[in-house]
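Here's the structure we're looking at; comments come further down.
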Amino acid sequence: MTDSALRPLYFKPRNGVRIVVWSAFAALLLLLPLVARSSFAQTLLCATGIAAIACMSYNMLLGQAGMLSFGHAVYTGLATFVAVHAMNRVGAGWWLPMWAIPLVGGLAGLAFGVVIGYVTTRKAGTPFAMITLGVGELVFAGALMFPEFFGGESGVSANRTAGAGWLKDVGITFGPQLQVYYLIAIYLFLCSAAMYAFTLTPVGRIANAVRDNAERAEFVGYDTRWVRYLVVMASSFFAGIAGGLTAINVEVATADLLYSVRSGQYLLFTFLGGVGFFFGPLIGSVLLVFALVVLSELTKAWQLYVGIVFLIMVVYAPGGFAALLMLNLRRIKYGEWRKMRWPYAGMAFFGAIALWGFAAIVEMLYQAQDAAVTGSALSVAGIKLDSATVSSWVLAMAVLMVGAFGFEVWRRRFKRVWDDGEERIAEAIKKAEAAIV
Amino acid sequence: MSTLNGVSYGLLLFMLSAGLTLIFSMMGVLNFAHASFYMLGAYFAYQVSSWTNFWVAFVVAPLLVAVLGGLFERAVLRKTHRFGHVAELLVTFGLSFVILELVQLVWGRTAVDYRVPAALDGALFQLYNANFPTYRAFMMVVAIAMLLALFLVLRKTRIGLVIQAALTHPETTEALGHNVPRVFALVFAGGCALAALAGVIGGNAFITEPGMAQAVGAIIFVVVVVGGMGSLAGALIASLLIGLMQTFAIGLDWSFIGALKSVGVEVTPESFGYPLWKLKLSQVAPILPYLLLVVMLIVRPKGILGTRDD
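Here the protein sequences line up with chains A and B, keeping their order.
Numbers given in our numbering equal positions in the first sequence, counted from 1, plus 56.
Numbers given in our numbering equal positions in the second sequence, counted from 1, plus 7.
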């Protein structure tokens, strides 16, 4: 049975859904600034757009080829530095339009991918992870040694309104944040389309094979190292574009762009978003900006919350939020979702109570540390507490315990309903398959 | 003098990487939180020694960390085993965040005053007009004792033999009636205890602060890769090598300019690549371990004593 002979008989225009989804994505990118009018909201949008490209390029490694990298910030960061220097050259009279700076970043990322990837892709799996970590440290420590290029502690700054070109004549100077947003949005759309196309190419497919079983891929005749190398190069190109956009967006490059903590953030949030689906990293990038900008303003202990959520997700939902979303969509499709409303509501209710108790304890601990400076009174979600009084601690712990107990009760109910539904869905799928045959 | 300092630093690195190597070779799990357990060891030792004294802390802190490590293995790590090594690595990565934050929550964001006990303070002997601290000697003794104990436990005792068997043939060992998951939990706890012991004696020799895990974390991975994944002896050689390399490099201000001058080439600030040539060896000391890693990967990807080449 040859595939090509059968294909005309089974033709169906599958691209219909794809066109709708991508058009909706484009429309969303186009219309978002109409909703988010304040300059703070636009800054958030810009940061999210850049993070989305970076996270998607990271997912080419982790989700597509199964390569866990702890050094992704090397590509985005070095590309930012190159882009900033290119912007300064533009200011000094080079002929290069400002909109092409991200491409310069992309090419720089690609070049670093060619060099660094040559070393890192010699290993796969766990050793690869360790090596990327080591190379990341190498680049970060090395950056401080060359203040001529990296600008030392204060970094290198540039001006995004520099240069000339026909865009200037029609009023697009990239001075206003809105224009920068649309530049980022265009790059985001093109990059996600290109990255999606990459997943469909033979290289992208073989990368999946290498991820799932490197040994078999090797036996079939593919050089797995070469595949890993190609994926790293492609990924670093897109990471470089994200770096170039960063240069335009913030107009400064500092050495902490290369720091391993940043690489860790790409990993963390790409995973939280979901590595199994192409749109997972998009969710991840929204979470990243939310955590870094909003959550970190609210609480000093934000990394604790993020870390705990991450641990829970790795253990119970390794597919990330994207997988959770898809599983629930499947429920809806098979008419199984209605039964889960109450378990969901119960878990959300008691989960929120437990979260308040836990957050109250954490915040009171921090407040107690700084009590000499800021006093011992604080409020958690509008409820006033005092870290110096016993009653506040007793209250927080009691609430935590009640919440945890209620959550556990509902979690068991939820698990029963969920497993029951899974069984029925599996049956329904089997029946549907039998009907086709 | 530098040699002795280098050796003592190298031995400390070895204590850290030994636990990591043990866990890795046995379970295939790269414990990203290993350096965090090292930090926990130092903080526990600080806390316990402030209540009692250093010697109680010396025993109690590693045991406490071992219990925590064992619990973590049982409660969390084992659940992710079915998702593969990447998930296991991610779990320990998440754990390193949580431990760091908890440490900051309990002990604050600044360094704590964890000191060398009075009995071990001061100089042991003088060499070329420089004092060699007693505590450094103590560190070396502890590390060597631990090395011997580890060797004896792995080679001569029953549990050691089971561990070795489970290392290469887990299914067969299980079929022979040994509880391999429990052995795994034990190994994980033991590895954490080794890291904590390093923390107990390293925390007061250097500094006990929330950044200490980050400071050694990447270096011990370099040790493990350079030594050869899963090779204890390789880890020992690599740790000593890196320890010596770093302590020597800090003391030397060689640069390419000097080297080129001795062969008759004069380098001036105008020549090409001057920023690179003017760097002194003492300036590049922090990146030497990573350079070693890169060179090693190009020359001999399996590491000094590695057998696997994956």
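Note that CB positions come from ideal geometry on N, CA and C, so glycine has one too.
Counting only residues of its own chain and dropping the five nearest sequence neighbours on each side, M403/A has a CB closer than 7 Å to the CB of F463, W466, R467, F470. Using a CB distance cut-off of 9 Å, I305/B counts as an interface residue toward chain A. By the Cβ test, the stretch 417-424 of chain A is in contact with the stretch 435-446 of chain A, since at least three Cβ pairs between them sit closer than 8 Å. Annotation for P177/B: V187 place their beta carbon closer than 7 Å to its own, counting only its chain and skipping 5 residues before and after. The beta strand (DSSP E) runs of length 3 or more contained entirely in the stretch 273-343 of chain A do not exist; there are none. Listed along chain B is no residue with a C-beta nearer than 7 Å to that of A427/A; the closest approach is about 12 Å. The beta-bridge partner set that DSSP reports for L441/A consists of L434/A.
With the criterion set as a beta carbon lying under 8 Å from some beta carbon of chain B, the members of the stretch 343-369 of chain A are A357, Q359, L360, V362, G363, I364, F366, L367, in sequence order. Contact note: F191/B does not reach chain A at a C-beta cutoff of 9 Å; the least C-beta distance is about 16 Å. In this structure, the straight-line span from the alpha carbon of V349/A to that of F414/A is close to 22 Å.
Counting of Cβ neighbours within 10 angstroms places M457/A among the exposed residues, the total staying below 16.
Within chain B, no C-beta atom comes nearer than 7 Å to that of L101/A; the closest sits roughly 27 Å away. Counting along the chain, the unbroken alpha helix (DSSP H) around F377/A starts and ends at 376-389. In this chain, the alpha helix (DSSP H) harbouring M143/A covers 128-147. Around M236/B, the beta-carbon contacts reaching into chain A at under 9 Å are K179, T182, P183, M186. Proximity of chain A to Q290/B at the Cβ level (cut-off 8 Å) is accounted for by M201, in chain order. Around T87/B, the beta-carbon contacts reaching into chain A at under 7 Å are V370, V371. Around the C-beta of R216/A, 16 or more other C-beta atoms lie within 10 Å, and the residue is accordingly described as buried. Collapsing the DSSP output to three states places S15/B in a helix.
When the Cα atoms are used, L338/A and Y322/A turn out to be separated by approximately 12 Å.
Interface annotation, S316/A: in contact with chain B, CB-CB separation under 9 Å.
Between L117/A and V365/A a beta carbon distance of about 22 Å is seen, past the 8 Å cut, so the two are scored as non-contacting. Identification of chain A residues near H41/B by a Cβ-Cβ cut-off of 8 Å yields none; the smallest Cβ-Cβ distance measures about 11 Å.
Between I30/B and F228/B, the C-beta gap is not smaller than 9 Å, which leaves the two residues out of contact. Taken atom to atom, the span from the alpha-carbon of G77/B to that of L193/B is near 7 Å. Per DSSP, T59/B is not a residue of any alpha helix (DSSP H), being assigned neither H nor E. Across the set F405/A, A452/A, G149/A, V362/A, the C-alpha of V362/A shows the shortest separation from the C-alpha of V105/B. Where K356/A is concerned, there is no enclosing alpha helix (DSSP H), because DSSP gives it neither an H nor an E. Within 8 Å of the CB of L194/A, the CB atoms of chain B belong to I294, Y297, L298, L300, V301, in sequence order along the chain. Closer than 9 Å to the CB of Y422/A there is at least one CB belonging to chain B. Cβ atoms of A135/A and G165/A come within 8 Å of each other, at about 4 Å.
Secondary structure of T229/A (DSSP, three-state): coil. Per DSSP, R216/A is not a residue of any alpha helix (DSSP H), being assigned neither H nor E. One Cα belongs to Y252/A, the other to V66/B, and the distance between them is close to 55 Å. Counted as a single uninterrupted DSSP element, the alpha helix (DSSP H) harbouring H92/B occupies residues 92-114.
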